[in-house]
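**Q**
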C-alpha cells in the first residue's frame with residue numbers, strides 16, 4: 062500500500078522530477094508533485110511524494126525531515142487526508158432597500 066508524504070519548504074525552482082530523485086534513495090517513488098498557484102503557475106513551496114510502502118515512507122521521513130535539500134531545510138511528514146469540501150458558501154445578509162413600511166401618510 063502506498064503512503065503519501067507532505068514535503069514543505071521546497072525551493073521555488075524545484076521540479077517534480079528533482080523532488081522524486083531526492084526521495085528515490087529511500088525506496089520507490091510512486092509520484093512526486095509540487096503544488097503550484099492556479100493563476101500564476103508558480104510553486105507554492107510545498108508538495109507531496111508518494112512512496113510505495115509505509116516502511117519506505119518512514120525511512121524517507123527520517124532521512125529528509127530537517128535536512129537541507131536544494132538550499133532549503135525540508136519539513137517532511139505523513140500527509141493528512143484532505144477533508145471533503147462541502148461546496149457552497151455564505152449567502153445571507155440584508156437585501157438593502159429603504160426598509161420602511163409604506164403606509165406613512167405624514168410624508169405628503
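Residue numbers (the working numbering): 62 to 169. The beta carbon of each residue, even a glycine, is placed where N, CA and C say it ideally should be.
1) Buried or exposed: residue 117, going by 16 or more other Cβ atoms within 10 Å of its Cβ?
2) From 105, 84, 78, pick the residue whose C-alpha is nearest to that of residue 122; which is it?
3) I'd like to know whether the C-beta atoms of residue 102 and residue 70 end up nearer to each other than 8 angstroms.
4) Helix, strand or coil: how does DSSP classify residue 112 here?
5) Looking at C-alpha atoms only, which residue of 125, 110, 124 is the closest neighbour of residue 66?
**A** Put simply:
1) buried
2) 84
3) no
4) strand
5) 110
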